[in-house]
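Per our numbering, the sequence shown starts with residue 8, numbered consecutively.
Where is the CB? At the ideal position from N, CA and C, for every residue including glycine.
Report on the following structure.
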Amino acid sequence: MRKRSPAAERHAELIQIALVEAAPSGLPFKRLMGACELSEYQTRSGLTALRDLAAKKGWPPLVWTRDMGYHFCASEIELEEWERAWVSEKLTQFRRMISGTLAPHLALFPKSRWANYLNTQIEAVKATLEMAASQSG
């Protein structure tokens with residue numbers, strides 16, 4: 008974990024206090040900014056630092072949902088739903104990158120070391136996800 012600035016750590020503390028006070032309802036981003044009296048940049052920096060702090064201290068994960076905004080997630084079901092949605096979004100981004108950028112790159116430059124390396128890494132991730140899906144299903 009990289010070292011955070013003292014300011015980011017202080018912003019993380021302010022956000023943590025605001026979220027604990029708002030619990031269990033959570034806070035949308037703009038209300039979180041207002042509750043902490045932070046700028047958009049300071050709030051984003053504080054959220055990043057707070058995620059690291061929560062992981063380090065063993066706190067429930069900090070998540071964002073459309074319904075609740077930012078909140079600490081203590082429900083296993085909600086956390087699994089959030090993780091599935093996050094993974095699904097990232098997989099969609101990867102699929103679009105593969106079909107829209109990497110595949111044409113490989114078609115135009117089949118000997119490209121970078122494109123072949125990236126393709127190998129993506130295939131390894133796909134294989135891992137397929138194996139995980141077959142074990143859970």
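**Q.** Selection from L26, Q49, L69 and P31 that minimises the alpha carbon distance to H18
**A.** Out of L26, Q49, L69 and P31, Q49 has the C-alpha closest to the C-alpha of H18.
Q: Run the CB neighbour count on Q23, radius 10 Å, all protein chains shown included, and call it buried at 16 or more, exposed below.
A: Within a 10 Å sphere around the beta-carbon of Q23 sit 16 or more other beta-carbons, which makes this residue buried.
(Q) Can you look up F36 in the DSSP assignment and give me helix, strand or coil? (A) Helix at F36.
(Q) Just verifying my parser: in three-state terms, what is the DSSP assignment at G65? (A) Here G65 carries a coil assignment [DSSP, helix/strand/coil].
(Q) Between L26, S106 and A134, which has its C-alpha nearest P68's C-alpha? (A) Of the candidates L26, S106 and A134, L26 places its Cα closest to the Cα of P68.
Q: In the DSSP assignment, find the alpha helix (DSSP H) that holds F116 and state where it starts and stops.
A: DSSP places F116 outside any alpha helix (DSSP H), giving it a letter other than H or E.
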